[in-house]
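S.K.: Per my numbering, residue 15 is the first one in the sequence shown, and the count goes up by one each step. Quick reminder that beta carbons are idealized off the backbone N, C-alpha and C, glycines included.
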Amino acid sequence: MPIVNRVADLLPEISAWRQDIHAHPELMFDVQRTAGVVAEKLKSFGCDEVVTGIGRTGVVGVIRGKTGGARTIGLRADMDALPIEEATGLSYKSQNPGKMHACGHDGHTAMLLGAAKYLAETRNFDGTAVVIFQPAEEGGGGGREMVNDGMMDRFKIEEVYGMHNYPGFPVGDFAIRSGPMMAAADRIYIDIEGLGGHAARPHTSIDTVVVGAAIVNALQSIVSRNVDPLESAVVSITQFHAGTADNIIPQTAQLRGTGRSLTPETRDLVERRVREVVEGTARLYGAKATVTYKRDYPVTKNHERQTAFAAEVASQVVGANRVDTAVPPVMGAEDFSFMLEARPGAFIFIGNGDSAGLHHPAYNFNDEVIPVGTSYWVKLVETALRAS
Ligand SMILES: [Zn+2]
Ligand SMILES: [Zn+2]
Numbered sequence: 015m016p017i018v019n020r021v022a023d024l025l026p027e028i029s030a031w032r033q034d035i036h037a038h039p040e041l042m043f044d045v046q047r048t049a050g051v052v053a054e055k056l057k058s059f060g061c062d063e064v065v066t067g068i069g070r071t072g073v074v075g076v077i078r079g080k081t082g083g084a085r086t087i088g089l090r091a092d093m094d095a096l097p098i099e100e101a102t103g104l105s106y107k108s109q110n111p112g113k114m115h116a117c118g119h120d121g122h123t124a125m126l127l128g129a130a131k132y133l134a135e136t137r138n139f140d141g142t143a144v145v146i147f148q149p150a151e152e153g154g155g156g157g158r159e160m161v162n163d164g165m166m167d168r169f170k171i172e173e174v175y176g177m178h179n180y181p182g183f184p185v186g187d188f189a190i191r192s193g194p195m196m197a198a199a200d201r202i203y204i205d206i207e208g209l210g211g212h213a214a215r216p217h218t219s220i221d222t223v224v225v226g227a228a229i230v231n232a233l234q235s236i237v238s239r240n241v242d243p244l245e246s247a248v249v250s251i252t253q254f255h256a257g258t259a260d261n262i263i264p265q266t267a268q269l270r271g272t273g274r275s276l277t278p279e280t281r282d283l284v285e286r287r288v289r290e291v292v293e294g295t296a297r298l299y300g301a302k303a304t305v306t307y308k309r310d311y312p313v314t315k316n317h318e319r320q321t322a323f324a325a326e327v328a329s330q331v332v333g334a335n336r337v338d339t340a341v342p343p344v345m346g347a348e349d350f351s352f353m354l355e356a357r358p359g360a361f362i363f364i365g366n367g368d369s370a371g372l373h374h375p376a377y378n379f380n381d382e383v384i385p386v387g388t389s390y391w392v393k394l395v396e397t398a399l400r401a402s
């Protein structure tokens with residue numbers, strides 16, 4: 015397997031960084047320790063610029079190649095962990111109660127640090143590599159914050175690439191597709207107002223529990239009856255809050271959920287139908303419902319040319335037979351999508367082997383992925399910005 019030799023030499027060091035980050039998980043934008051470790055290492059590698067505080071706690075490192083080409087590409091990793099109590103029993107398990115690196119962002123950060131060390135050492139490319147370490151991927155939109163902070167223009171990033179580990183795929187196998195790769199994820203908030211009263215006198219009330227139940231059922235018809243069967247969408251109601259006692263019909267009820275889609279047309283359709291179905295169903299029962307449909311992460315949409323390029327680089331590392339170039343999209347979401355809206359680029363999955371699933375308390379990033387993922391990053395830079 016053509017793992018870059020120097021990257022193989024760095025493996026013990028990169029694994030040690032990964033395990034140190036794993037032991038100290040931090041949430042959302044509060045990644046001060048992790049961002050501090052990242053910035054300090056980037057400086058020690060001799061990066062030409064290290065800038066902290068982008069998108070609140072994001073870090074950017076700039077590495078210029080030997081020759082002064084004008085082209086610049088961005089490589090992105092995420093640094094945040096999840097509010098889960100770790101159940102791995104690892105020697106380097108989380109030292110922060112209730113927090114855990116259960117999505118492998120410890121591995122993503124360590125691999126990109128490894129690539130930065132190699133690139134700063136060798137500089138065997140023509141142009142500039144920008145390494146991006148973002149906070150708050152898990153629901154906080156840290157990627158959006160970094161883009162809104164002007165990162166793309168400030169560092170003149172022309173193309174941007176991201177990578178996520180994938181449990182269940184063989185270690186180091188790659189999977190990618192052109193076009194929609196991950197879903198748009200929107201937040202649905204529904205507030206129902208009825209008429210509270212005595213549970214023994216339902217005819218004098220408007221029962222928000224019955225209205226809410228009808229709404230939950232009616233919403234199921236959007237995916238089954240409104241969305242084209244060849245398109246993809248999800249409408250999941252995940253919270254239903256109402257009531258305070260056995261003998262009281264509650265005046266109000268609140269529903270919460272998520273709407274997901276892979277195209278702008280389906281996204282518009284889901285939003286429109288959620289509003290119509292909720293408001294119409296409430297009216298049917300004499301109640302009033304208000305819908306807040308908050309568009310959150312957009313579709314993670316890979317650009318065609320950059321996807322073909324990323325697949326070719328992955329093939330250089332592990333062989334074309336281990337690169338799936340037409341993996342089905344998934345309905346999870348990624349805030350790398352904001353970077354792909356700002357610049358062309360591609361997001362790729364890398365197999366984590368037979369591990370527990372992402373966001374599971376027994377999950378662990380597989381250190382055997384490190385040489386493959388780090389080699390992918392360095393070959394991506396050396397190929398995209400090939401020194402003449
Ligand atoms: Zn995650
Ligand atoms: Zn993740």
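Please name the residue in Leu394, Gly346, Asp381, Val185 whose C-alpha comes closest to that of Glu151.
M.R.: It is Gly346 whose Cα lies nearest to the Cα of Glu151.
S.K.: So, using beta-carbon positions, are Met93 and Pro149 closer together than 8 Å?
M.R.: Result yes, Cβ atoms of Met93 and Pro149 sit closer than 8 Å.
S.K.: Rounded to the nearest angstrom, what separates Pro278 and Pro194 at their Cα positions?
M.R.: Cα-Cα distance, rounded: 11 Å.
S.K.: Got a sec: does ligand 1 put a non-hydrogen atom nearer than 7 Å to the Cβ of Leu372?
M.R.: Yes.
S.K.: Please give me, in chain order, every unbroken run of the beta strand (DSSP E) with length at least 3 that falls completely inside the region 95 to 162.
M.R.: Those beta strand (DSSP E) runs which fall completely within the region 95 to 162 and span 3+ residues are 140 to 148.
S.K.: Indicate, with yes or no, if ligand 2 has a heavy atom lying under 7 Å from the CB of Ala100.
M.R.: This sequence places Glu at residue 100; Ala is not what is there. No.
S.K.: For Asp338, which three-state DSSP category applies?
M.R.: The answer is strand: DSSP assigns Asp338 an E or B state.
S.K.: Within the continuous alpha helix (DSSP H) that includes Arg47, where are the two ends?
M.R.: Element bounds for Arg47: 46 to 59.
S.K.: Mind checking whether Ala324 and Ala360 have CB atoms under 8 Å apart?
M.R.: In this structure, Ala360 lies closer than 8 Å to Ala324 by Cβ.
S.K.: Are Leu104 and Asn378 closer than 8 Å when you measure CB to CB?
M.R.: Contact: yes.
S.K.: Would Asp140 pass as a contact of Ala401 if the rule is Cβ separation under 8 Å?
M.R.: For Asp140 and Ala401, yes; Cβs fall inside 8 Å.
S.K.: Per DSSP, Glu207 is paired with what?
M.R.: Bridge partners of Glu207: Thr266, Lys302.
S.K.: For His217, does the count of other Cβ atoms within 10 angstroms reach 16, so buried, or fall short, so exposed?
M.R.: His217 comes out exposed.
S.K.: Might you give, ordered along the chain, the residues of its own chain that have their beta carbon closer than 6 Å to the beta carbon of Ser18, omitting 5 neighbours on each side?
M.R.: Note that residue 18 corresponds to Val in the displayed sequence, not to Ser. Here the set comprises Ser389, Val392.
S.K.: Any idea what DSSP makes of Phe188, helix, strand or coil?
M.R.: Correct three-state label for Phe188: strand.
S.K.: Would Phe188 and Val337 be called neighbours here (beta carbons separated by less than 8 Å)?
M.R.: In this structure, Val337 lies closer than 8 Å to Phe188 by Cβ.
S.K.: So, for Val344: in the same chain, excluding its five sequence neighbours on each side, which residues have a beta-carbon less than 8 Å away from its beta-carbon?
M.R.: Contacts found: Met195, Met196, Ala197.
S.K.: So does Glu40 have its beta carbon nearer than 7 Å to some heavy atom of ligand 1?
M.R.: Not under cutoff, so the answer is no.
S.K.: Under the DSSP definition of a beta bridge, which residues are partnered with Phe379?
M.R.: DSSP, once it has assigned bridges, lists no residue as partnering Phe379.
S.K.: Can you find a heavy atom of ligand 3 that lies under 7 Å from the Cβ of Asp92?
M.R.: This structure lacks ligand 3; its bound ligands are ligand 1 and ligand 2.
S.K.: Hey, would you say Pro358 sits closer than 8 Å to His317, going by beta carbons?
M.R.: Cβ atoms of Pro358 and His317: closer than 8 Å.
S.K.: State yes or no: is the C-beta of Cys117 nearer than 7 Å to some heavy atom of ligand 1?
M.R.: For ligand 1, at least one heavy atom lies less than 7 Å from the Cβ of Cys117.
S.K.: Are the CB atoms of Glu54 and Thr48 within a distance shorter than 8 Å?
M.R.: No. Outside cutoff.
S.K.: Hey, quick one: how far does the alpha helix (DSSP H) through Ser238 stretch, first residue to last?
M.R.: Element bounds for Ser238: n/a, residue is neither H nor E.
S.K.: Tell me which residues share the same chain as Asn162 and place their Cβ nearer than 8 Å to its Cβ, disregarding the 5 neighbours each side in the sequence.
M.R.: Counting only Cβ-Cβ distances below 8 Å, and skipping sequence neighbours, we find Gly69.
S.K.: Starting from Pro16, trace the beta strand (DSSP E) in both directions and tell me its first and last residue.
M.R.: No beta strand (DSSP E) contains Pro16, which DSSP labels as neither H nor E.
S.K.: Could you spell out where the beta strand (DSSP E) holding Lys80 opens and where it closes?
M.R.: Lys80 -> no beta strand (DSSP E), and no H or E assigned at all.
S.K.: Which residues mark the beginning and the end of the alpha helix (DSSP H) in which Ser389 is found?
M.R.: Taken as a continuous stretch (DSSP letters only), the alpha helix (DSSP H) holding Ser389 covers 384 to 398.
S.K.: What is the DSSP secondary structure of Gly13, reduced to helix, strand or coil?
M.R.: Beyond the ends of the chain as shown, which are 15 and 402, falls residue 13; an answer cannot be given.
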